[in-house]
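**Student:** Order-wise, the sequence lines are chains Y and D.
For the first sequence, position 18 (counting from the first letter as 1) is numbered 39 according to this note's numbering, and the numbering increases by one without interruption.
For the second sequence, position 63 (counting from the first letter as 1) is numbered 84 according to this note's numbering, and the numbering increases by one without interruption.
Below: one structure in structure tokens.
There are 2 protein chains.
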Amino acid sequence: MKEAKPPASTKRLRADASRNREKLIGVAAIEFAERGGSASLEEIARKAGVGIGTLYRHFPTREHLVEVVYRREVEVLCSAADELAQHNAPDVALAEWMQRFVDYIAAKRGMANSLRILFDANSEVFANTSGMIASALQRLVDAAVADGSVRSDIDISDISQALSGIYSAPDTSDWRDRSRRLVALLMDGLRWGSAKSRR
Amino acid sequence: MKEAKPPASTKRLRADASRNREKLIGVAAIEFAERGGSASLEEIARKAGVGIGTLYRHFPTREHLVEVVYRREVEVLCSAADELAQHNAPDVALAEWMQRFVDYIAAKRGMANSLRILFDANSEVFANTSGMIASALQRLVDAAVADGSVRSDIDISDISQALSGIYSAPDTSDWRDRSRRLVALLMDGLRWGSAKSRR
DNA sequence: GATATAATCGGAGGTGCCTCCGTTTCCTGA
DNA sequence: TCAGGAAACGGAGGCACCTCCGATTATATC
């Protein structure tokens, strides 16, 4: 039922088309972060230097655009996990990544509502992105456990739950500090009783 | 902190104001039923013969208007319960009211999304109206039980659950028939083994 | 390089949202 | 009955949404 794989998922875009598309996604990411889910689409088109018609051809509805921007950001977040793992001790990479997760969520708070609508309408998006995040977390934890810098008797789903709690916590003024402290606390708990901590 | 109680909850409206308000609610009910939650507010104002400014003064947001219309319709539905009880045998009244409930939900299907938003934003509305419906149902069932036309070992919450299932069932083309049959089935179950059925 | 053409662009235009404020209407107290 | 003032009216105006289609441009072909 899906189209043949070889010629790229959906046919290659013309050069100008894909240039514009990328520009739109970039500008949209900034606008959504600054103004939340109700940012003006015309403003986005204007700042991207394209007509409003072009925006609508690429993203037929606001939700389409929100989805693409969101997916892309999750990808960036998750690839940062591997990046961090390469350049840091496993437990440090894990700690740092969770802090980045908090920053990432912080940036998305203004869009909480739009994302909810998106998830409702297209639960696959939620499933995909949650899966990506869970697997990034899994890789980091596994490495840290293997390395002995984190205890081995932990359940990933407990950590996931804590992180999702961060996502759904009410939006108070000290949300960010609170969340960063929670992550630090989690890390302390994870390190406690690890092989390395007993040396 | 709340204002003094004596002079009516929020001060009496001027005659023209309350006339317009009623007109708006009436027109809005029709428009919402016909066009769903995205009916044009300007259209509603136009059909009600008032300026758009007047609509917005009475109902600062779309949700306000949706809420008022919804509340009013629940009131009508619930008062119909007593009406029916006065003019019919208790079990007939119960059956008929449940059928009306189905019709009522059918009319509200186009607004499901708006109502969800409303309930999320203001859970009190949901609590109030659910309560009204539950209590109407309770009165009808009690009367039918007392009368012996319906068995006495029933749990209202089971019926409520069946009715709420009707509300949340997916919107297929045969939804209405399905729902009416379900209600008929429920009534058969309720009558089975009642005092009167054993005569 | 020139040409054909299919893909893409872009913005005018019609509609709806919501605010603001000058005008009109109702009510009260004398 | 009337005058004064508070309350309510209503629509112009500014902005955003989204569609539609003539103009433009990238690419394949020769």
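C-beta atoms are modelled at their ideal positions from N, C-alpha and C, and glycine is treated no differently.
So which of S61(D), H108(D) and E43(D) has the shortest CA-CA distance to R83(D)?
**Tutor:** The candidate whose alpha carbon is nearest that of R83(D) is S61(D).
**Student:** In the DSSP assignment, find the unbroken alpha helix (DSSP H) run with R212(D) in it and report its ends.
**Tutor:** From DSSP, the alpha helix (DSSP H) with R212(D) extends over W196 to R212.
**Student:** Count the other CB atoms within 10 Å of the CB of L34(D); is the residue buried (16 or more) or exposed (fewer)?
**Tutor:** Result: exposed.
**Student:** Going by DSSP, what residue range makes up the alpha helix (DSSP H) through T150(D)?
**Tutor:** Looking at the DSSP string, the run of the alpha helix (DSSP H) that includes T150(D) is S144 to D168.
**Student:** Give the DSSP-derived three-state secondary structure of L45(D) in the structure shown.
**Tutor:** Note: L45(D) maps to helix in three-state DSSP.
**Student:** Taking the CB atoms as reference points, tell me whether K217(Y) and D168(Y) lie closer together than 9 Å.
**Tutor:** A contact, by the Cβ cut-off of 9 Å.
**Student:** Under the rule that 16 or more other beta-carbon atoms within 10 Å means buried, what is I187(Y), buried or exposed?
**Tutor:** It counts as buried.
**Student:** Tell me the DSSP secondary structure of L34(Y) in three-state form.
**Tutor:** Correct three-state label for L34(Y): coil.
**Student:** So what does DSSP say about F140(D), is it helix, strand or coil?
**Tutor:** F140(D) falls in the helix class under three-state DSSP.
**Student:** Find out if the Cβ-Cβ distance for the pair F122(D), L139(D) is shorter than 9 Å.
**Tutor:** The answer is no: Cβ separation not under 9 Å.
**Student:** A165(Y) and A102(Y): beta carbons closer than 9 Å?
**Tutor:** No. Outside cutoff.
**Student:** Excluding the 5 residues flanking R160(D) on each side, which residues of the same chain have their C-beta closer than 8 Å to its C-beta?
**Tutor:** Result list for R160(D): A102, D103 and A106, in chain order.
**Student:** What are the complete alpha helix (DSSP H) segments, minimum 4 residues, inside the segment 51-134 of chain Y?
**Tutor:** As far as the segment 51-134 of chain Y is concerned, its whole alpha helix (DSSP H) runs of at least 4 residues are 62-69, 73-79, 83-108 and 111-129.
**Student:** Since I177(Y) is in the alpha helix (DSSP H), which residue starts that stretch and which ends it?
**Tutor:** Taken as a continuous stretch (DSSP letters only), the alpha helix (DSSP H) holding I177(Y) covers I177 to S189.
**Student:** Given V90(D), which residues of its chain have a CB within under 7 Å of its CB, disregarding the five upstream and five downstream residues?
**Tutor:** Excluding residues within five positions, the ones whose Cβ falls inside 7 Å are I46, A49, A50 and F53.
**Student:** Suppose you measure from the CA of K68(D) to the CA of G70(Y); what does that come to, to the nearest Å?
**Tutor:** Between K68(D) and G70(Y), the C-alpha separation is close to 41 Å.
**Student:** Can you tell me whether P191(D) is buried or exposed? The criterion is at least 16 other CB atoms within 10 Å of its CB, across all chains shown.
**Tutor:** It counts as exposed.
**Student:** Give me the Cα-Cα distance between G131(Y) and T150(D), rounded to the nearest whole angstrom.
**Tutor:** Cα to Cα, the separation comes out at about 31 Å.
**Student:** For S215(D), does the three-state DSSP call read helix, strand or coil?
**Tutor:** Correct three-state label for S215(D): coil.
**Student:** Confirm the yes/no value for this check: CB of N143(Y), any heavy atom of the ligand NAD, distance under 8 Å.
**Tutor:** Summarising the ligand content, the structure contains no ligands, and the ligand NAD is consequently not present.
**Student:** For E145(Y), count neighbouring Cβ atoms within 10 angstroms of its own Cβ and tell me buried if that reaches 16, exposed if not.
**Tutor:** When all chains shown are included, E145(Y) counts as exposed.
**Student:** To the nearest angstrom, how far is it from the Cα of R219(D) to the Cα of A155(D)?
**Tutor:** When rounded, the distance between both Cα atoms is 29 Å.
**Student:** Report buried or exposed for I65(Y), applying the criterion of at least 16 other Cβ atoms within 10 angstroms of its Cβ.
**Tutor:** Flag for I65(Y) reads buried.
**Student:** Measuring straight from C-alpha to C-alpha, what distance separates G210(D) and E94(D)?
**Tutor:** Their backbone Cα atoms lie some 29 Å apart in a straight line.
**Student:** In three-state DSSP terms, what is S39(D)?
**Tutor:** Helix, per DSSP.
**Student:** Taking only the alpha-carbon atoms, compute the straight-line gap between S135(D) and M208(Y) and give it to the nearest angstrom.
**Tutor:** The straight-line gap from Cα to Cα measures roughly 42 Å.
**Student:** Determine the closest residue to G57(Y) out of A205(Y), A127(Y) and R92(Y), with distance taken between C-alpha atoms.
**Tutor:** Nearest C-alpha to G57(Y): A127(Y).
**Student:** Looking only at its own chain, which residues have a Cβ that is under 7 Å from the Cβ of K23(D), when we skip the five neighbours before and after it?
**Tutor:** Residue placement at K23(D) is poorly supported in this model, since its pLDDT is 32, which falls under 50; the coordinates still yield a value, given next. No residues qualify anywhere along the chain.
**Student:** Leaving out five residues on either side along the sequence, give the residues of the same chain with a beta carbon under 7 Å from the beta carbon of S173(Y).
**Tutor:** Within the same chain, S173(Y) has close Cβ partners V166.
**Student:** Taking 9 Å as the threshold (C-beta atoms), are S170(Y) and S215(Y) in contact?
**Tutor:** For S215(Y) and S170(Y), yes; Cβs fall inside 9 Å.
**Student:** Could you check the C-alpha separation between E88(D) and A183(D) for me, to the nearest Å?
**Tutor:** Cα to Cα, E88(D) sits roughly 24 Å from A183(D).
**Student:** Quick check: the Cα distance between A110(D) and D179(D), rounded to an integer number of angstroms?
**Tutor:** A110(D) and D179(D): Cα-Cα distance of roughly 22 Å.
**Student:** Are the beta-carbon atoms of A114(D) and A205(D) separated by less than 9 Å?
**Tutor:** Not closer than 9 Å, so no.
**Student:** Inspect the beta-carbon positions of R201(Y) and Q120(Y) and report whether they are closer than 9 Å.
**Tutor:** Going by C-beta atoms, R201(Y) is nearer than 9 Å to Q120(Y).
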